[in-house]
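Colleague: The structure's right below; bear with me while I get my questions together.
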Amino acid sequence: IVYAFVALRFVHAFFFLMAFQPFRTITWLVSAGVMITQAVVALDCSVADPLAYAFVTGTALLHLKLVLVHVWTVRARCQHDDEAQPEDKTNRGFQLISKVVGAVLAHGPMSKPPELVERLAKNAAENEPFFMLVTLALIRAPAGTGRFGMSNEELANIVYAFVALRFVHAFFFLLAIQPFRTITWLVSAGVMITQAVVALDCSVADPLAYAFVTGTALLHLKLVLVHVWTVRARC
Numbered sequence: 440i441v442y443a444f445v446a447l448r449f450v451h452a453f454f455f456l457m458a459f460q461p462f463r464t465i466t467w468l469v470s471a472g473v474m475i476t477q478a479v480v481a482l483d484c485s486v487a488d489p490l491a492y493a494f495v496t497g498t499a500l501l502h503l504k505l506v507l508v509h510v511w512t513v514r515a516r517c518q519h520d521d522e523a524q525p526e527d528k529t530n531r532g533f534q535l536i537s538k539v540v541g542a543v544l545a546h547g548p549m550s551k552p553p554e555l556v557e558r559l560a561k562n563a564a565e566n567e568p569f570f571m572l573v574t575l576a577l578i579r580a581p582a583g584t585g586r587f588g589m590s591n592e593e594l595a596n597i598v599y600a601f602v603a604l605r606f607v608h609a610f611f612f613l614l615a616i617q618p619f620r621t622i623t624w625l626v627s628a629g630v631m632i633t634q635a636v637v638a639l640d641c642s643v644a645d646p647l648a649y650a651f652v653t654g655t656a657l658l659h660l661k662l663v664l665v666h667v668w669t670v671r672a673r674c
């Protein structure tokens, strides 16, 4: 599955750069199916360590959410008649696919413009992988090595809280419900900061593992700081 996904991503990139339709869309659809398959397989797992289990299930759920956001972006493009690339407007094969997809997805209330929906995917790509990387790093720092005395069960609850908040934030974002969208982001940012600070209070014998734990935590805090600076710029 992994090799198939990597190969598909290379082929998709080639078709994208060469403006080859409908093959670009077909390869994306197949790769999306591979992503969904992998996520569903991950959800059907049994891991003794509660933090490792939270990592596996959390990444799988966030992965499925990202695919759903991409589908919502396609829905927005169908509703607003806004194609992503110039070749999408002229290729007959893509236009046929677009009509079929539009007939399935374009019903219901009008969504936000596609460029705004894409911001949700960008937000997910910026925040969620870093959080899960810090979680993976904490798995390498066993209980009893600092971490402010937090057990794996307590850290797993932090992961579950983050995943739940990201789903709720996406819901509020897509339905344009304020101030709850902002409130859920602020709370999730607090969860991110908490996890990063916990990761910084660890003691790991392997210097490379220690660099991984502290490095991911520091980069995570930097990302939150960049988001705060973005808010400052908007104000």
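The sequence shown: position 28 = 467 (our numbering), numbered continuously.
Note that CB positions come from ideal geometry on N, CA and C, so glycine has one too.
Quick caveat: nothing in here was measured; it's all calculated off a predicted structure.
1) Rounded to whole angstroms, what's the CA-CA distance from V479 to A499? Just pull it up for me.
2) On the CB-based measure, 16 or more other CB atoms within 10 Å of its CB, does F453 come out buried or exposed?
3) Is there contact between the stretch 485-500 and the stretch 522-536, where contact requires at least three CB pairs shorter than 8 Å?
4) Spell out a yes or no on whether the stretch 543-561 and the stretch 617-626 are touching, meaning 3 or more CB-CB pairs, one atom from each, closer than 8 Å.
5) What residue from F455, R514, C674 and T476 has the CA that sits closest to A542's CA?
6) What separation, rounded to the nearest whole angstrom, lies between the Cα atoms of K504 and C641?
7) Do L447 and V473 count as a contact pair if the criterion is CB distance below 8 Å?
8) Taking only the alpha-carbon atoms, compute the straight-line gap between A672 and L572 and give it to the nearest angstrom.
9) Please say whether A545 and Q524 have beta carbons closer to each other than 8 Å?
10) Excluding sequence positions up to five away, which residues of its chain have a Cβ less than 7 Å from the Cβ of E567?
11) What does the alpha-carbon distance come out to for the pair V539 and F533?
12) Which of the three DSSP states is assigned to C674 in this structure?
13) Taking the alpha-carbon positions, what's the K561 to N596 distance?
14) CA-CA distance, F462 and F444?
Modeller: On the basis of the coordinates in this document:
1) Reading the sequence shown from its first residue, position 40 is the one you call residue 479. Reading the sequence shown from its first residue, position 60 is the one you call residue 499. So the alpha carbons of these two residues sit roughly 7 Å apart.
2) Residue mapping note: residue 453 aligns to position 14 of the sequence shown, counting from 1. Looking at its Cβ environment, which holds fewer than 16 other Cβ atoms inside 10 Å, F453 is exposed.
3) Contact check between the stretch 485-500 and the stretch 522-536: fewer than three CB pairs, one atom from each, fall below 8 Å, which does not count as touching.
4) Cβ pair count under 8 Å is below three, so no.
5) The sequence position of residue 542 within the sequence shown is 103, counting from 1. The shortest CA-to-CA distance from A542 to any of F455, R514, C674 and T476 is the one to R514.
6) Start at 1 with the first residue of the sequence shown, and residue 504 comes out as number 65. Start at 1 with the first residue of the sequence shown, and residue 641 comes out as number 202. A straight line joining the alpha-carbon of K504 with that of C641 spans about 31 Å.
7) Position 34 of the sequence shown holds residue 473. Position 8 of the sequence shown holds residue 447. Yes, the Cβ-Cβ distance between V473 and L447 is below 8 Å.
8) Numbered from its first residue, the sequence shown carries residue 672 at position 233. Numbered from its first residue, the sequence shown carries residue 572 at position 133. In a straight line, the C-alpha of A672 is about 28 Å away from that of L572.
9) Counted from its first residue, the sequence shown places residue 524 at position 85. Counted from its first residue, the sequence shown places residue 545 at position 106. Not closer than 8 Å, so no.
10) Residue 567 sits at position 128 when you count from the first residue of the sequence shown. Cβ within range, chain order: L501 and R605.
11) As a working mapping, residue 539 is identified with position 100 in the sequence shown. As a working mapping, residue 533 is identified with position 94 in the sequence shown. Approximately 10 Å, taken between the alpha carbons.
12) Position 235 of the sequence shown, counted from the start, is the residue given in the question as residue 674. For C674, the three-state secondary structure derived from DSSP is coil.
13) Numbered from its first residue, the sequence shown carries residue 561 at position 122. Numbered from its first residue, the sequence shown carries residue 596 at position 157. Rounded to the nearest angstrom, the two C-alpha atoms are 25 Å apart.
14) As a position in the sequence shown, residue 462 is number 23, starting the count at 1. As a position in the sequence shown, residue 444 is number 5, starting the count at 1. So the alpha carbons of these two residues sit roughly 16 Å apart.
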